[in-house]
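Chemist: In this text, residue positions in the first sequence follow our numbering: the first is 1, and each later residue adds one. Yeah, the Cβ is synthetic: ideal placement off N, Cα and C, and Gly gets one too. Attaching a single structure in structure tokens format; questions to follow.
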Amino acid sequence: MSSKYNLPRGTYDILPDDSYKWEYIIDVFKNTAKLFNYKEIVTPIFEDADLFERSSGETSDIVQKEMYKFNDKKGRTFALRPEGTAPVVRSYVENSLGASAGIQKLFYTGPMFRYDRPQKGRYRQFYQYGVEAIGSNNPYIDAEIIALFYTFVQKLGLTQFEVEINSVGNELVSARYDKALQEYFTPFKEELCHDCQIRLDKKPRRILDCKVKACKEIGKDAPVMLDYLDEECSSHFEKVKQYLQQFGIPFSVNPKIVRGLDYYTHTAFEFLNHKLGAQNAIGAGGRYNGLVEQIGGKSVPGIGFAGGFERLLLSMELEGLFSGNKVIPQVYIVAIGEKAQNRVAEIISILRQENISVEYDPDKTSLKAQMKMADKLNSNYAVILGDDELERGVVTLKYLLERKQVDVSISELSSHIK
RNA sequence: GUGGCUGUAGUUCAGUUGGUAGAGCACAGGAUUGUGGUUCCUGGCGUCGUGGGUUCGAGCCCCAUCAGCCACCCCA
């Protein structure tokens, strides 16, 4: 199957046999978001590269090596969006969405791009769904965002996932904690793996979720973030937990959750499916109280999450949540003979005007071939047009499941079909 | 960016110690002239991912390259 052109590495086609699954997931997501009164926002697929570089953090891998950057004809530097939050916040600021009363509750879906080595659950063009609530620092909103995500995943029918939360504090707390970690790990520097020695300077928190045994062992007794929270941070966190309990959401606190992007503050959370393999986060998010201001707006708090459709799809297939092809024509038209073929469009048109889905294959002429097709497509009805019936103004309606058939007049045909 | 494994008909794969390729499924047609998931019969020349090399000769050996998978990394 070598064709002249192949799709770019790390991308994939969504083929006809699978597209209904995507449609379904997107549909459930949008409905869930609307249930929580979130409104859709659509932003461009590319933005000023600077937007991502500044917001995600200069040291993040996303910015350093995973961005699809390019220059346009006037030399402006753009990037294919690697994530969805920064563009939404940019739009929030640019369109003064904060001017209207209340919290801006937004959701989005669409492709994101990251130049990374492809593997299970990780692609260069991947599809995300996400929500953002901008304009409130109330811990109730933190819980509601998590509840929205939880409801969504539940509606899809998934059961094999876990919710983990943490608080990464505010900037002050963060800085103090990083310092404590550096003090703790520095004596062990020589024993840490190569990567962690670098992390020690730049992002000491990342040492905590290193998979190397030695690093894990050393990290066991490291200072815990939650102990460093100040009064404001820990009371915020406590309230989030209380609200989550009221929402009836099972969760566990994992003090080692470290988010990849620099802008997170306070609540951070992840939804994990451990059966997915290495890329096991089906979605994650957190609060970003400094981001709006950093992007040029007023000092407005926000929180959101994003998740990958691919990983949801994998999870759903693991749990056997998709069955059969959902797109089936209600009626399959069988036309026998030239006279019937000449009138087939007329009959089809009548049915479609009644919103009945119809399939007909003009290249199949034998009765047998057409019946086989009707069967294969799982249609409920076959409408058989033959010369003698047509002369009587009648058509044969066959109930494929019951294997019974009756003659009905053309004018009454659609009323016999559910 | 690093490592391991893999790359043969639409698909899943077989292909023996190197001698120029097969099967199941799917698909198409048919089994007395107008009726469908079963059964039976018939139908496969496909650049053996690509490009080099070794050899009298390579799908099977070597090198390169591309792609896929899994892991590292990172994260959705």
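Give, in chain order, every unbroken run of the alpha helix (DSSP H) that is at least 4 residues long and sits entirely within the region 291-350.
Modeler: 291-294 and 309-318
Chemist: Answer with buried or exposed for ALA79, where buried requires no fewer than 16 other C-beta atoms within 10 angstroms of its C-beta.
Modeler: For the purposes of this step, residue 79 is identified with residue 79 of the first sequence, where counting begins at 1. Burial call: buried.
Chemist: Output the distance between the C-alpha atoms of VAL394 and SER409, rounded to the nearest integer angstrom.
Modeler: Walking along the first sequence from the start, residue 394 turns up at place 394. Walking along the first sequence from the start, residue 409 turns up at place 409. In a straight line, the C-alpha of VAL394 is about 4 Å away from that of SER409.
Chemist: With which residues is PRO111 paired in a DSSP beta bridge?
Modeler: Counting from 1 along the first sequence, the entry for residue 111 is found at position 111. Bridge pairing for PRO111: TYR127 [DSSP].
Chemist: What three-state label does DSSP hand TYR360 in the structure shown?
Modeler: On the first sequence, position 360 is the one that residue 360 refers to. Reduced to three states, the DSSP call for TYR360 is coil.
Chemist: Leaving out the 5 sequence neighbours to the left and right, which residues in its chain are closer than 6 Å to ARG114 when beta-carbon positions are compared?
Modeler: One-based indexing of the first sequence puts residue 114 at position 114. Excluding positions up to five away in sequence, the list reads GLU66 and PRO82.
Chemist: Beta carbon of PHE152, beta carbon of GLY308: below 8 Å?
Modeler: Position 152 of the first sequence, counted from the start, is the residue given in the question as residue 152. Position 308 of the first sequence, counted from the start, is the residue given in the question as residue 308. Contact flag unset, no.
Chemist: Between ARG272 and PHE161, is the Cβ-Cβ spacing less than 8 Å?
Modeler: One-based indexing of the first sequence puts residue 272 at position 272. One-based indexing of the first sequence puts residue 161 at position 161. A small correction: the amino acid at residue 272 is Leu; Arg does not occupy that position in the sequence shown. Contact: yes.
Chemist: Could you pull out every unbroken alpha helix (DSSP H) segment of at least 4 residues lying fully inside the region 372-406, listed in chain order?
Modeler: Here the runs fully enclosed are 387-391.
Chemist: With DSSP run on the structure shown, which of helix, strand or coil describes GLU164?
Modeler: Counted from its first residue, the first sequence places residue 164 at position 164. Looking at GLU164 - three-state DSSP - the assignment turns out to be strand.
Chemist: How big is the Cα-Cα spacing for THR77 and GLU310?
Modeler: For the purposes of this step, residue 77 is taken as the residue at position 77 of the first sequence. For the purposes of this step, residue 310 is taken as the residue at position 310 of the first sequence. Each residue's alpha carbon lies about 29 Å from the other.
Chemist: Would you report the Cα separation of THR365 and VAL63, rounded to the nearest angstrom?
Modeler: Here the question's residue 365 lines up with position 365 in the first sequence. Here the question's residue 63 lines up with position 63 in the first sequence. The straight-line gap from Cα to Cα measures roughly 59 Å.
Chemist: Would THR159 pass as a contact of VAL88 if the rule is Cβ separation under 8 Å?
Modeler: Residue 159 sits at position 159 when you count from the first residue of the first sequence. Residue 88 sits at position 88 when you count from the first residue of the first sequence. The answer is no: Cβ separation not under 8 Å.
Chemist: Quick check on THR85: does DSSP put it in helix, strand or coil?
Modeler: For the purposes of this step, residue 85 is taken as residue 85 along the first sequence, with counting starting at 1. When secondary structure is reduced to three states using DSSP, THR85 falls in the helix class.
Chemist: Measure the C-alpha to C-alpha separation of ILE282 and GLY75 and round it to an integer number of angstroms.
Modeler: The residue labelled residue 282 in the question sits at position 282 within the first sequence. The residue labelled residue 75 in the question sits at position 75 within the first sequence. Answer to the nearest angstrom: the Cα atoms are 37 Å apart.
Chemist: Report the residue from PRO250, ASN137, ARG205 and LEU312 whose alpha carbon sits nearest the alpha carbon of HIS236.
Modeler: Locating residue 236 in the first sequence gives position 236, where the first residue counts as 1. Here the closest residue by C-alpha is ASN137.
Chemist: In chain order, what residues of the same chain have a beta carbon less than 6 Å from the beta carbon of VAL406, not counting five sequence neighbours either side?
Modeler: Along the first sequence, read from residue 1 onward, the residue named residue 406 stands at position 406. So the qualifying residues of the chain are LEU397.
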